[in-house]
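Here the protein sequences line up with chains A and B, keeping their order. Under the working numbering, think of the first position of the first sequence as 1, with each following residue one higher. Under the working numbering, think of the first position of the second sequence as 1001, with each following residue one higher. All C-beta atoms in this analysis are idealised placements derived from N, C-alpha and C, irrespective of residue type, glycine included. Given the structure is predicted, the values throughout are model-derived calculations rather than measurements. Working notes, beginning with the structure itself.
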Amino acid sequence: MALYSEKVMDHFRNPRNVGVIEDANGIGEVGNAKCGDIMKMYLKIEDEIIKDVKFETFGCGSAIASSSMATELIKGQPVEEAMKLTNKAVAEALDGLPDYKMHCSVLAEEAIRSAIEDYKSRK
Amino acid sequence: MIYADNAATTKMSEAAINTMVKVMNENYGNPSSLYILGQKAKEVLEEARAKVASVINADPKEIIFTSGGSEADNQAIRTAAALGAKRGKKHIISTAFEHHAVLHTLNRLKEEGFEITLLDVHENGLVVPEEVETAIREDTCLVTVMFANNEIGTIQPIREIGEICRKHGVLFHTDAVQAIGHIPVDVQAENIDMLSASGHKFHGPKGVGFLYVKKGILIKNLIEGGAQERGKRAGTENVPGIAAMAVALKDAYDNLDKNAEYVKARRDRLIEGLKKIPHSALNGDVTNRLPSNVNFCFEGIEGESLLLLLDDKGIQASSGSACTSGSLDPSHVLLAIGRVHDVAHGSLRLSLGEDITDAEVDEMISKVTEVVEYLRSFSPIWRDLVAGKKEFIL
Chain A
1 MALYSEKVMD HFRNPRNVGV IEDANGIGEV GNAKCGDIMK MYLKIEDEII KDVKFETFGC
61 GSAIASSSMA TELIKGQPVE EAMKLTNKAV AEALDGLPDY KMHCSVLAEE AIRSAIEDYK
121 SRK
Chain B
1001 MIYADNAATT KMSEAAINTM VKVMNENYGN PSSLYILGQK AKEVLEEARA KVASVINADP
1061 KEIIFTSGGS EADNQAIRTA AALGAKRGKK HIISTAFEHH AVLHTLNRLK EEGFEITLLD
1121 VHENGLVVPE EVETAIREDT CLVTVMFANN EIGTIQPIRE IGEICRKHGV LFHTDAVQAI
1181 GHIPVDVQAE NIDMLSASGH KFHGPKGVGF LYVKKGILIK NLIEGGAQER GKRAGTENVP
1241 GIAAMAVALK DAYDNLDKNA EYVKARRDRL IEGLKKIPHS ALNGDVTNRL PSNVNFCFEG
1301 IEGESLLLLL DDKGIQASSG SACTSGSLDP SHVLLAIGRV HDVAHGSLRL SLGEDITDAE
1361 VDEMISKVTE VVEYLRSFSP IWRDLVAGKK EFIL
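What follows is the structure, given as structure tokens:
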């Protein structure tokens, strides 16, 4: 049994939605360099729909895969739906993460939430 | 495929494998049995012991075969602690960057009432002998300092430390797991009382190692049972493994200088190439260093993702990041030489084999450069550093 599922390795090797959104209206950054994981989410929200989302991550295979998957799950979604994204959903979409890597999916959930909260605070 | 993780483990040599198979087929007796088949196995065992002893300038009676380096470390340290406790001496000196087999054994002893002093290893990853002397007290029963560090490869001033320990009548143990088979080791010239070694680090089998204990030191058993290893380590001897280890060890020492010179040149070529990556740094002294070891920190990226992408590109290596250590902290070795967390997470250890070529080194340089650049391209930390929002550390 390999360390990571095929899905995780795919999202790690070919991360979706990598980059920045220059005119993002919701930005969230979570984690810290001390613990070795940082995720930054950029959102472009129009009419309460997530029109575009991009991410940057400093972290391990699970961290990169989790952030990538999280962006896929919320792209095109209404903001209120995206707010409900759970780390469990991210991990499940990745066909599971090792126990000791679950915190990476939690970080992805927190990054999304942080970006949405930023958007709401700007309104 | 470029296997650059020889510090983690090595492939068994053909000679070692052949020896092992031969012994398994022809010498499967129990060395403690009286009949000829058993005695022949005993002969193989003692021949291996003599080989191992001669390589480190010890007497065969001073060699105990174990299941590996960890067991040898445990037995050596617990022995010294027990001997010390008998005389009311419960202080032990070691270093901040020992292998966990040493550090965790010391932690257990701490729980049992011992006091442990961990010496600073400074930015260059080297212990200063004078600092060992200063740390020695009336109640010090053991100094244990690794011969060469497993992560950053720095080689410690063992002879000087041994001399100081002799002067003060303190037992001196060295975890030589990374040194044995790669650099000269002479237990007499270097004033060593006890030494740990592991077969799979020099093309021998996994699950086999040995502990050298100077004549006169009363070893305390970790494993009780039969009378094997002169009563010092119970359990039917792993004759095939031991024989294979001895062959691998002898081969390593017969070719030591030639191999060391060759690998060192490739190591230095690799270091020069990796240095060109901006905001990177070599970990540990460049001179007092194992011929095979290269260890770098790259700012702004994380080690596990670096390793996985390198594996995709056919290079096997390891890292000191938290993700690879399975804890929240990055490698205690990198922290001990003063690397801060941010930078320690982005570490890479490459440990070369004796057959590494210049072409392979150049390939490693180009692929590491490529992967670091790629990971930096979407690292929020790197973005902040480049934008001037954070100050570069390296």
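Item	Value
Whole angstroms are fine: how far does the CA of Ala-1015/B sit from the CA of Ser-1331/B?	35 Å
What did DSSP end up calling Ala-1176/B once you bin it into helix, strand or coil?	coil
Check the Cβ of Thr-57/A against every Cβ in chain B and list those closer than 8 Å, keeping chain order.	Phe-1378, Ser-1379 and Pro-1380
Name the chain B residues whose beta carbon is nearer than 8 Å to that of Lys-34/A?	His-1341 and Asp-1342
In the DSSP assignment, what are the bridge partners of Thr-1117/B?	Ile-1093/B
Can you pull the chain B neighbours of Lys-40/A, defined as C-beta to C-beta under 7 Å?	Pro-1380
Beta-carbon separation of Gly-1320/B and Arg-1349/B under 9 Å?	yes
Should the segment 1106-1120 of chain B be called in touch with the segment 1131-1139 of chain B, which here means at least 3 C-beta pairs below 8 Å?	yes
Taking Ile-64/A as the query, report the chain B residues whose CB atoms sit under 7 Å from its CB, ordered along the chain.	Ser-1305
Roughly how many whole angstroms lie between the Cα atoms of Glu-110/A and Gly-1314/B?	35 Å
For Leu-1171/B, tell me which candidate among Pro-1060/B, Phe-1202/B and Lys-1214/B has the shortest Cα-Cα distance.	Lys-1214/B
Just checking: is the beta-carbon of Glu-29/A within a distance shorter than 9 Å of some beta-carbon in chain B?	yes
So which residues of chain A does Ser-1321/B contact, with C-beta pairs closer than 9 Å?	Gly-36 and Cys-60
Which class does Asp-1073/B belong to by DSSP, given the choice of helix, strand or coil?	helix
Return no unless some Cβ of chain A is closer than 9 Å to the Cβ of Asp-1139/B.	no
Check Gly-1209/B in the structure and name its three-state DSSP category.	strand
Cβ closer than 8 Å: which chain B residues qualify as neighbours of Gly-19/A?	Phe-1378
Excluding the 5 residues flanking Glu-56/A on each side, which residues of the same chain have their C-beta closer than 6 Å to its C-beta?	Lys-40
Are there 16 or more other CB atoms within 10 angstroms of the CB of Gln-1228/B, so buried, or fewer, so exposed?	buried
In the DSSP assignment, find the unbroken alpha helix (DSSP H) run with Glu-1272/B in it and report its ends.	1256-1275
Can a CB atom of chain B be found closer than 9 Å to the CB of Tyr-119/A?	no
Any Cβ of chain A within less than 9 Å of the Cβ of His-1279/B?	no
If contact means a Cβ-Cβ distance below 9 Å, which residues of the segment 1245-1274 of chain B contact chain A?	none
Do the segment 1285-1304 of chain B and the segment 1146-1158 of chain B meet, that is, are 3 or more Cβ pairs less than 8 Å apart?	yes
Can you give the Cα-Cα distance for Glu-1160/B and Glu-1190/B, rounded to whole angstroms?	8 Å
Output yes or no for whether 9 Å exceeds the beta carbon distance between Lys-54/A and Ile-21/A.	yes
Is it right to say Phe-1114/B is buried, meaning 16 or more other beta carbons lie within 10 angstroms of its own, or is it exposed?	buried
Under 8 Å, with one C-beta from each stretch per pair, do the segment 1002-1015 of chain B and the segment 1197-1206 of chain B reach the 3-pair mark?	yes
Are the C-beta atoms of Glu-1360/B and some chain A residue less than 9 Å apart?	no
Using the Cα positions of Ala-1243/B and Ala-1072/B, report the straight-line distance between them to the nearest angstrom.	18 Å
Is DSSP giving Leu-1249/B helix, strand or coil here?	helix
Flag this pair as touching only if the segment 1372-1382 of chain B and the segment 1301-1310 of chain B have three or more C-beta atom pairs under 8 Å; answer yes or no.	yes
Check each candidate in Lys-1022/B, Glu-1391/B and Phe-1065/B and name the one with the smallest Cα separation from Ala-1053/B.	Phe-1065/B
Is there a Cβ from chain A that is less than 9 Å from the Cβ of Glu-971/B?	Outside the shown range of chain B, which is 1001 to 1394, sits residue 971/B, and nothing can be said about it.
So Arg-13/A contacts chain B; which residues on that side make the cut at Cβ distance below 9 Å?	Leu-1308, Leu-1309 and Asp-1312
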